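Shown next, in structure tokens, is the structure this report addresses.
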Amino acid sequence: MDKKIITFDIGGTNIKYGMADKKGNICYKGKYPTPKKLDDFLNSIKKVVDSLKIKIDESKIDGIAMSVPGAVNNNTGIIEGASAVPYIHHCNMRELITKTTGFKVSFENDANCAALAEVWKGSGKDVNDALFVICGTGIGGSIIKNKKIHTGKNLYGGEFGYMIMDRDFETGKFKNWSETSSTSSIVRNAARLMGISPRDLNGVRVFQLAEEGNKYCIKAIETFYQNFATGLYTLQYIYDPEVIIIGGAISEREDLIDKINEKLEFLKAHIDITTILPTIKKCEYGNDANLIGAVYNYILN
32 MDKKIITFDI
42 GGTNIKYGMA
52 DKKGNICYKG
62 KYPTPKKLDD
72 FLNSIKKVVD
82 SLKIKIDESK
92 IDGIAMSVPG
102 AVNNNTGIIE
112 GASAVPYIHH
122 CNMRELITKT
132 TGFKVSFEND
142 ANCAALAEVW
152 KGSGKDVNDA
162 LFVICGTGIG
172 GSIIKNKKIH
182 TGKNLYGGEF
192 GYMIMDRDFE
202 TGKFKNWSET
212 SSTSSIVRNA
222 ARLMGISPRD
232 LNGVRVFQLA
242 EEGNKYCIKA
252 IETFYQNFAT
262 GLYTLQYIYD
272 PEVIIIGGAI
282 SEREDLIDKI
292 NEKLEFLKAH
302 IDITTILPTI
312 KKCEYGNDAN
322 LIGAVYNYIL
332 N
């Protein structure tokens with residue numbers, strides 16, 4: 032009998048959930064606002080589980096898979112680090128949810144879940160070794176080795192945004208990849224060039240202005256793509272993956288891959304020792320990626 036898995040994606044604003052089979056097919060999807068307190072959170076999980084038990088016999092439910100923010104310590108059941116959902120950290124969430132629902136529970140970091148969805152059923156399904164880079168207001172990601180997550184000794188594997196990219200000549204301040212190459216960097220650079228506050232712009236507006244011919248927005252976008260491609264080039268030579276998959280807000284741009292490849296070719300033309308360039312793909316799964324990846328993590332464990 033193909034048992035079902037209840038899957039949750041815990042976000043700072045909303046909690047998404049669904050029921051999935053072991054092939055990653057999801058049904059009974061829903062979402063609700065993330066509770067403000069731990070007791071309310073646990074009660075909401077129980078309420079969802081009980082409602083799904085009405086739709087399917089309890090004997091056909093294998094367990095619960097969760098995508099969560101923070102650094103998941105699978106040895107202890109504790110979600111380390113910090114996030115917009117502070118009460119899930121530094122207590123034994125695995126024990127609490129198991130006690131609340133009566134089901135086996137697995138956890139994985141949300142970025143890692145998105146990566147697992149891609150190597151299971153998406154852009155990385157035909158490879159064993161991949162990097163997953165999420166580019167939004169910051170940069171994060173995951174390292175996939177033999178289709179499994181590599182978290183590292185301190186659970187920081189895949190935190191590509193920490194990579195140092197530049198040092199300001201005048202202030203001496205170091206800049207990491209998140210600061211130089213996230214979507215928020217586009218807004219900051221465009222605003223600085225235009226002499227306005229970043230609060231008066233957003234990423235969508237910068238791209239709109241660039242399409243209308245605004246030279247400052249065009250320069251900010253071109254700088255972003257070059258810095259982003261430089262980071263991807265560096266990651267390729269560090270890990271040498273079969274593919275680097277891009278997720279996050281920027282992955283919605285239709286011209287993303289073409290622009291990255293253009294900047295990679297520029298690097299190749301100016302760096303004599305270059306022998307390879309990364310294969311870049313966009314993620315295939317959007318809003319369901321974390322739900323699907325949590326299921327795959329459950330199956331792997």
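For the sequence shown, this note's numbering begins at 32 and goes up steadily by one.
Glycine residues also receive a C-beta, built at the ideal position from the N, C-alpha and C atoms.
Note that the structure is predicted; figures quoted are calculated from it, not measured.
Under a three-way DSSP split, which group does T306 fall into?
coil
Drop a sphere of 10 angstroms on the beta-carbon of F205, count the other beta-carbons inside from all chains shown, and report buried for 16 or more, exposed for fewer.
exposed
Where does the unbroken alpha helix (DSSP H) through V150 begin, and where does it stop?
141-152
Whole beta strand (DSSP E) elements within the region 177-241, 3-residue minimum:
195-198, 205-207
6 angstroms CB neighbourhood of K34 in its chain, flanking five on each side removed
K91, D93
When we look at the beta-carbon of D70 and count the other beta-carbons within 10 Å, is it buried (16 or more) or exposed?
exposed
Going by C-alpha to C-alpha distance, which of M225, I269, P272, G108 sits closest to I249?
M225
N- and C-terminal bounds of the beta strand (DSSP E) containing D93:
92-99
Rounded C-beta distance between G324 and L162? I'm assuming under 8 angstroms.
With a Cβ gap of about 15 angstroms, G324 and L162 do not count as contacting.
What distance in whole Å lies between the Cβ atoms of M50 and I41, which are believed to be in contact at a cut-off of 8 angstroms?
Their Cβ separation, rounded to whole angstroms, is 17 angstroms, which puts I41 and M50 out of contact at 8 angstroms.
Continuous beta strand (DSSP E) stretch holding I249: start and end
Where I249 is concerned, there is no enclosing beta strand (DSSP E), although the alpha helix (DSSP H) it sits in stretches over 246-270.
Considering A163, what are the terminal residues of the beta strand (DSSP E) in which it resides?
The question names Ala, but residue 163 is Phe in the sequence shown. Looking at the DSSP string, the run of the beta strand (DSSP E) that includes F163 is 161-166.
K60 versus K47 - alpha carbon distance
7 angstroms
In the DSSP assignment, find the beta strand (DSSP E) that holds F134 and state where it starts and stops.
Here F134 belongs to no beta strand (DSSP E), and DSSP marks it neither H nor E.
Indicate whether the contact test is met: 3 or more Cβ pairs, each with one atom in the region 269-281 and one in the region 164-174, closer than 8 angstroms.
yes
For I277, verify whether its CB is less than 7 angstroms away from any heavy atom of the ligand FAD.
Here there are no bound small molecules, and the ligand FAD is not part of this structure.
Range covered by the alpha helix (DSSP H) that runs through G324:
320-331
For D157, count neighbouring Cβ atoms within 10 angstroms of its own Cβ and tell me buried if that reaches 16, exposed if not.
exposed
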